[in-house]
């Protein structure tokens, strides 16, 4: 039976701990709290013909164009993103992200309010387009990497996270959380997150803040660590060989 010395056992314990290295988390969203004071990391797109824009604003202040009341966010920092207008329009706030290979959990969190001053929700097949038929709603989607900014085609939407509106007035922020691996996303793949709003019935403010995607994966040993492990296993073998196994004399009656 192979016996290990105390030194060899210590090495084995160290190497086992190396193999069982804890998982680590990576933030995939840039400027999720808009604390740069602008749209760094994001694509803020206004459909041509719209009568408003996406705005970086101070939490709790009146909406920057139409002057409607908005909710104060104690966890919001100095800035957040909000749509506002003085007439019909369509808006999309997007950012691309990539789920690393080996991701075991990818949790998306964000805060959002939807102040639909029309007080009703109208979702039309034309999607994020304010032109023509009645259309008044907000949405949050995970899109394929190649989807265009205002697309609502089923083939482009990997996961629909929110669709509707919260009624008129100054609504409080909702806190949203999704594990993206549980709703159809895959590690080793690129995607886009989109916050969209369309209105042609009345004013509409979609406020977004504190967007985060935290991806968790297991740690992979670096080349130097692999070398240390191989050397350690060699020392364990040497220590085992250096300890002679005693023979037991058997006497037959």
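Residue numbers (our numbering): -13 to 239.
Where a beta carbon is used, it is the ideal one built from N, C-alpha and C, also for glycine.
Computed from a predicted structure; not experimentally measured.
Taking the alpha carbon of residue i as the reference point, which residue from the options has its own alpha carbon closest?
i, options, result
"residue 180", "10, 60 and 77", "77"
"residue 167", "201, 190, 189 and 188", "201"
"residue 102", "170, 149, 89 and 28", "149"
"residue 85", "186, 177 and 188", "177"
"residue 14", "105, 110, 173 and 62", "173"
"residue 41", "133, 111, 22 and 68", "68"
"residue 21", "122, 112, 121 and 62", "62"
"residue 247", "115, 10 and 33", "Here the chain comprises residues numbered -13 to 239, so residue 247 is not present and cannot be evaluated."
"residue 112", "158, 186 and 106", "186"
"residue 136", "33, 74, 153 and 24", "33"
"residue 154", "122, 116 and 115", "122"
"residue 190", "51, 60 and 138", "51"
"residue 60", "19, 146 and 114", "19"
If we count the other Cβ atoms within 10 Å of its Cβ and call it buried at 16 or more, is residue i buried or exposed?
i, result
"residue 118", "exposed"
"residue 45", "buried"
"residue 144", "buried"
"residue 70", "buried"
"residue 53", "exposed"
"residue 151", "buried"
"residue 216", "Here the model assigns residue 216 a pLDDT of 42, short of 50, so the residue's position is not dependable, and the following value carries that caveat. Burial call: exposed."
"residue 141", "exposed"
"residue 184", "buried"
"residue 319", "Lying outside -13 to 239, the shown extent of the chain, residue 319 is not represented and no answer is given."
"residue 132", "exposed"
"residue 72", "exposed"
"residue 74", "buried"
"residue 212", "In this prediction, residue 212 has a pLDDT of 37, which is less than 50 and means its spatial position is unreliable; nothing more can be read from the coordinates."
Going by DSSP, what residues sit across from residue i in a beta bridge?
i, result
"residue 249", "Nothing about residue 249 can be read from this structure; the chain reaches only from -13 to 239."
"residue 43", "66"
"residue 116", "For residue 116, which the question treats as bridged, DSSP gives no partner whatsoever."
Below 8 Å on the Cβ atoms is my guess for residue i versus residue j; work out the distance and round it to an integer in Å.
i, j, result
"residue 31", "residue 17", "About 16 Å separates the two Cβ atoms, so there is no contact after all."
"residue 90", "residue 204", "7 Å"
"residue 57", "residue 99", "5 Å"
Closer than 7 Å, CB to CB, is residue i near chain D or not?
i, result
"residue 66", "Within the model displayed, chain D is absent; a lone protein chain is all it includes."
Give a yes or no on contact between the segment 187 to 197 and the segment 67 to 82, applying the rule of three or more CB pairs nearer than 8 Å.
yes
Assess contact between the segment 86 to 95 and the segment 153 to 170, defined as three or more Cβ pairs (one per stretch) separated by less than 8 Å. Is contact present?
yes
Stretch pair the segment 128 to 147 + the segment 46 to 53: three plus CB contacts closer than 8 Å
no
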